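With this note's numbering applied, the sequence shown corresponds to residues 194 to 434, in that order.
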Amino acid sequence: MAGHSKWANIQHRKGRQDEKRGKVWTRVIREIMVAARQGGGDVATNPRLRLAIDKAKAANMPADTIKRNVDKATGNLEGVSYEEIRYEGYGIGGAAVIVDCMTDNRVRTVAEVRHAFSKYGGNLGTEGSVAFQFKHCGQFVFAPGSAEDKIMEVALEAGAEDVVTDDDGAIEVLCAPGDFEAVKNALEVAGLQAEVAEVTMRAENTVELSGEDAQRMQKLLDVLEDLDDAQEVYHNANINE
194 MAGHSKWANI QHRKGRQDEK RGKVWTRVIR EIMVAARQGG GDVATNPRLR LAIDKAKAAN
254 MPADTIKRNV DKATGNLEGV SYEEIRYEGY GIGGAAVIVD CMTDNRVRTV AEVRHAFSKY
314 GGNLGTEGSV AFQFKHCGQF VFAPGSAEDK IMEVALEAGA EDVVTDDDGA IEVLCAPGDF
374 EAVKNALEVA GLQAEVAEVT MRAENTVELS GEDAQRMQKL LDVLEDLDDA QEVYHNANIN
434 E
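If you want it as structure tokens, here you go:
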């Protein structure tokens, strides 16, 4: 199956995330706390917590910091209680945008998200207004030139739903969120290292933006990602700056 060109956008996003490394710990800590509060502090029975701890380790977070936040969330230590909220809206050219937040103050968060959309050329929509344009799934992205046949064989055997070759040669493996760990482990055992491995909201279709529109869209995304309560920002814009 063929897909759109994603490699440049993925590399662009990774570069920007690296620039914002200081905020990564804050986001990961919130994810750990919510995962532990909802599913308990035992990683053996809580796959969401396992994934959050993997992210924490990838960000070089010390083990005692991880444990302290699990303990906070499970009531062993005093801590802040976060709730998850999803906001949906439109960016430049009608591009769909989802902002997943974790907050201890819903009123503050919605005000900040609405302000960012309105100031930078977007519109905050209603619940469900754009989410149908995305698929909740596990996603693995391999660089152009990777061993496509081997990736396909290993991934499908492990329970992946699809393997997509994008226009630019990047290879995507897609699976149900519940199968993410099994597919991830199988790929790693086979020595196949994905550039991106995450449970995400994957856009089903893309909106092409270039020139000034692309720059304006990137500015809106940067502002949304920089919000203190924003955990993840998903969009369907193919940005050609």
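Glycine included, every Cβ here is placed at the ideal spot set by N, Cα and C. Here the structure is a predicted model, which means the values were calculated and not measured.
If you draw a straight line from the C-alpha of residue i to the C-alpha of residue j, how long is it?
i, j, result
"H428", "Q231", "27 Å"
"A245", "Q332", "16 Å"
"V400", "I432", "8 Å"
"K260", "E341", "39 Å"
"Q385", "I344", "Reading off the sequence, residue 385 comes out as Leu, not Gln. C-alpha separation (whole angstroms): 7 Å."
"G196", "A407", "Any reading at G196 is ruled out, since the residue's pLDDT is 44, under 50, leaving its predicted position unreliable."
Under 8 Å between the Cβ atoms of residue i and residue j?
i, j, result
"D410", "A288", "A small fix is needed here, since residue 410 is Met in this sequence, not Asp. Yes, these two residues count as a Cβ contact at 8 Å."
"L417", "A324", "no"
"T296", "I285", "no"
"T302", "D419", "no"
"V366", "A383", "no"
"V356", "F373", "no"
From the DSSP output, in three-state form, read off residue i for me.
i, result
"V227", "helix"
"V426", "strand"
"L420", "coil"
"L367", "strand"
"Q386", "coil"
"V236", "coil"
"T302", "helix"
"G314", "coil"
"A195", "For A195, the pLDDT reaches just 41, beneath the cut-off of 50, and the residue's location in the model is therefore unreliable, although a value from the coordinates is still provided. If DSSP states are grouped into helix, strand and coil, A195 belongs with the strands."
"V221", "helix"
"T258", "helix"
Closest Cβ-Cβ distance between residue i and chain C: below 8 Å?
i, result
"P370", "Chain labels in this structure do not include chain C; a single protein chain is all it has."
Less than 8 Å between the CB atoms is what I'm expecting for residue i and residue j, so what's the real figure, rounded?
i, j, result
"G233", "T267", "7 Å"
Would you call the stretch 360–372 and the stretch 277–297 touching, i.e. three or more CB-CB distances under 8 Å?
-> no
Contact between the stretch 218–225 and the stretch 244–259 (3+ Cβ pairs under 8 Å) | yes
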